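Peer 1:
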Amino acid sequence: MGSYILRRVLQVIPVFFGATLLIYYMVFAMPGDPIAALFGDRAPNPALLEALRAQYHLDEPFVVQYFYYIVGVFQLDFGTSFSGQPVIDVLQRTFPVTLRLAVMAIVLSFLLAILIGLFSAIFKGKLFDQLSLIVSLVFVSVPVFVICFLAQYFFGVQLGWFSPTVGSDNGWLGLTLPAITLAVGIYATSMRLTRSSTIETLGQDWVRTAYSKGLSRRRVIPVHVLRNSLIPMVTDTATTFGILMVGATVTEGIFNVPGVGNTLYQAILRHEAPTVVSFVTVFVIAYVFVNLLVDLLYGLLDPRIRYVK
Amino acid sequence: MSSNSPTPQHYVAPVKNASVTVDAVRIDEKPSNLWLDAWRDLRRRPTFWVSLAFVAVLIFVAVFPWLLTQMNPIRDCNLAFSNQGPEAGSPLGFTRQGCDVWSRIVWGTRTSLIVGLLATLIGTLIGVIMGSLAAFYGGWLDSLLSRVGDIFFTIPYIIAAIVVMTVLSDYRSEFTLALAIGGFSWAGTARIVRAEVLRVKQSDYVMASIALGLSRFKTLVVHVLPNAMAPVIVVATIGLGSAIVAEATLSFLGVGLGFTTMSWGNEISQAQTTIRTAPMTLIYPSIALTLTVLAFITLGELLRDALDPKARAQR
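Chains as they are written, first to last, in this note's numbering: chain A, 1 to 309; chain B, 1001 to 1315.
#1: According to DSSP, which residues form a beta bridge with A:T80?
#2: Between which two residues does the alpha helix (DSSP H) holding B:K1201 run?
#3: What does DSSP give as the partner residue(s) for B:D1308 in the beta ladder?
#4: For a quick check, are the C-beta atoms of A:F255 and A:V166 less than 7 Å apart?
#5: Does any heavy atom of the ligand HEM sit closer than 6 Å to the C-beta of A:T281?
#6: Along chain A, which residues have their Cβ under 8 Å away from the Cβ of B:G1241?
#7: Is there a Cβ from chain A that is less than 7 Å from the Cβ of B:G1254?
#8: Just to confirm the assignment, what range does the alpha helix (DSSP H) spanning B:E1320 have?
#9: Is it buried or exposed, A:D205, if we count other Cβ atoms within 10 angstroms and call 16 or more buried?
#10: Based on DSSP bridge pairs, tell me the residues matched to B:D1100.
#11: What number of angstroms, rounded off, separates the C-alpha of B:L1138 from the C-alpha of A:T189?
#12: Expressed to the nearest angstrom, what Euclidean distance is found between the alpha-carbon atoms of A:P86 and A:P46?
#13: Name, please, each residue of chain B whose Cβ falls closer than 9 Å to the Cβ of A:F149.
#14: Does the beta carbon of A:L10 come closer than 7 Å to any beta carbon on chain B?
#15: Is the Cβ-Cβ distance between B:S1103 and B:T1298 less than 7 Å?
#16: Which residues of chain A have a Cβ atom closer than 9 Å to the Cβ of B:A1248, listed in chain order?
#17: Is A:V107 helix, strand or coil by DSSP?
#18: Given a threshold of 16 other Cβ atoms within 10 Å of its Cβ, counted over all protein chains shown, does B:A1211 qualify as buried or as exposed?
#19: Cα separation between A:R192 and A:A210?
#20: If we cut at 7 Å on Cβ distances, does A:A19 have a partner in chain B?
#21: Note down the Cα distance separating A:C148 from A:S109, rounded to an integer number of angstroms.
#22: Could you spell out the range, first to last residue, of the alpha helix (DSSP H) harbouring B:L1034?
#23: Pair every Cβ in the stretch 1165 to 1177 of chain B with every Cβ in the stretch 292 to 306 of chain A, then say whether three or more of these pairs are closer than 8 Å.
#24: Using 8 Å as the threshold, is the stretch 1227 to 1246 of chain B in touch with the stretch 1191 to 1198 of chain B, meaning 3 or more CB pairs across them?
#25: Below 6 Å CB to CB, which residues in the same chain sit around A:T249 once its five sequence neighbours on both sides are set aside?
#26: For A:I58, which three-state DSSP category applies?
#27: Against A:F283, what residues of chain B qualify as contacts under a CB-to-CB distance less than 9 Å, listed in chain order?
#28: Under 8 Å: do the stretch 1257 to 1264 of chain B and the stretch 96 to 115 of chain A share three or more Cβ pairs, one atom per stretch?
#29: I need the straight-line Cα distance from A:K124 to A:L182, nearest angstrom please.
#30: Given this structure, state the Cα-to-Cα distance separating A:F17 from B:G1265, to the nearest angstrom.
#31: Taking 7 Å as the CB-CB limit, is A:Y153 close to chain B?
#32: B:A1330 to A:F139, Cα distance in whole Å?
#33: So is A:Y68 buried or exposed if we call it buried at 16+ other beta carbons inside 10 Å?
#34: Is B:S1002 helix, strand or coil by DSSP?
#35: Quick one: is A:P14 near chain B, going by C-beta distance under 7 Å?
#36: Among B:I1151, B:A1187 and B:T1154, whose alpha-carbon lies nearest the alpha-carbon of B:M1130?
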């Protein structure tokens, strides 16, 4: 296990630097002079211009600028948002809301996905299975912003069950509708994974052994089948996290949830490239580490993974 | 040889005495290969024909949009009709700007298909090149290309495309959008191609090709790649659906195509302000978008099952 952890952690290093370098390069290649933009229409004093360039290391070559930037990232300095607040402060303020939304969406979608996926696998090819496959196919295909608008219109405007926008009412209850829409995208992939992995488990010899020992279905399915079928779900967590990042940005934007995603959404709408990049960097770094964590967990749960190569 | 030499001894029972029968070789059986098997599987499936027909209709609409609508989606806009319901010639009503919803959906089809197709082509091309070179040549090239692939795999491609399009907001066009989507979505294809080429590389015909003196590069292009294409086509078909979603999402966020371009994402984005007063202007383009994505993803998944004998047996 030790060498597996070491190998996996070492793999993260080039990915981390490569991804941040790639994003940073895109900003570096951005047309226009950010310092001149600071002054708007006024012509700046050349000496002041130089001083500001030096202050932001803009007179240095690309690699040096990247170096300063990455040193900042290690000190949790992700730059400032357009309104002048440090990104880390914005994150501290908005993250709890997003976390609440994400937890609700994940719990909801995983519970449903596991339950329906399990029954789909047991009744493979029957009406229930076919219906649940069709539903999951539709859920995979509907873009997240379409789901948001449909939910907002039908449940918010027409039926009036929920408030169409969240705003300051962002407790657990207020986030119900955005959480459901966010859960739709996650549900589809997890349900299919549970289904296919359960089908595979059901065909294993030990399941037949369990039945032939005289164990009842009630014992075999939850204890022998479900437990073993859930291991592949762990790898799915990384994919889920990717869906969540895009989904939260759009969902929080449409329902006006004051979370991390909404901040990014507003910055995208206003074309504030530096803010967009700061937040995307945070997202990507988080994604890299979630992936690492998931892989380590998978190695812990499934010994076969550890010993490969 | 003398006449009293012992007759050759049979240690194996003669065939006529054996209790087993030799399998008959069916000569009249139709020749079969991966693609023929897949075709035989697909043509029995109604969903395959339905989604194929839908895609054919989409292509027709994209090529000849003027045949399906009398209204001009831009010139026939009349603010007097703003947000009004359906009437003769405008079956789906009017947008806030008084434009005909149906004709804007019809003309938007072209944009979605072009961006989706271009992005998929770019992504698949990069993926096939990176994956096949890594697997076929191996060694340091494999390590290098695979690490580069890992980096691109780490950034969700919609997020990456948002950054690219925000940075390139002055150069927005169908092509830059496709480049932003395709340029970041190839890593998954590359991984699949790499695994597939590694498998095909072991085949005897590849060794024979090299032994016969064909150069390694030609062997890769002529013999290995065609035999590694099945999963690529599956991923590309599903990816086409995802690329259309990506285009619509980016346009919806205002960093895709400019508002002068007709696209489903733009229509939905513009209609969101009138969700209470004229919800249908938002719902109709959403339906068009969802059905299109559904058709491509269904086709891709049917193809995947048809091309994989193991999956076929499991159904």
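Even glycine gets a Cβ: it sits at the ideal position worked out from N, Cα and C.
From a predicted model like this one, the values you see are computed outputs, not experimental measurements.
Peer 2: On the basis of the data shown:
#1: A:P86
#2: A1187 to K1201
#3: In the DSSP output, where bridge partners are listed per residue, B:D1308 has none listed.
#4: yes
#5: This structure lacks the ligand HEM; in fact it carries no ligand of any kind.
#6: S141
#7: yes
#8: The shown model of chain B, from 1001 to 1315, leaves out residue 1320 of chain B, and the question about it has no answer.
#9: exposed
#10: B:F1094
#11: The residue you asked about is not Leu; residue 1138 of chain B is Gly in the sequence shown. Their backbone Cα atoms lie some 33 Å apart in a straight line.
#12: 27 Å
#13: I1268, A1271, Q1272, I1275, P1279, L1282, I1283 and S1286
#14: no
#15: no
#16: P143, F145 and V146
#17: helix
#18: exposed
#19: 25 Å
#20: yes
#21: 16 Å
#22: L1034 to L1042
#23: no
#24: yes
#25: G261, L264 and Y265
#26: What sits at residue 58 of chain A in the sequence shown is Leu, not Ile. Of the three classes helix, strand and coil, the one that applies to A:L58 here is coil, per DSSP.
#27: I1155, P1156 and I1159
#28: no
#29: 27 Å
#30: 34 Å
#31: yes
#32: Not covered by the structure: residue 1330 of chain B. The range shown for chain B is 1001 to 1315.
#33: exposed
#34: For B:S1002, the predicted model reports a pLDDT of 46, less than 50, meaning its position is unreliable and no value from the coordinates is stated.
#35: yes
#36: B:A1187
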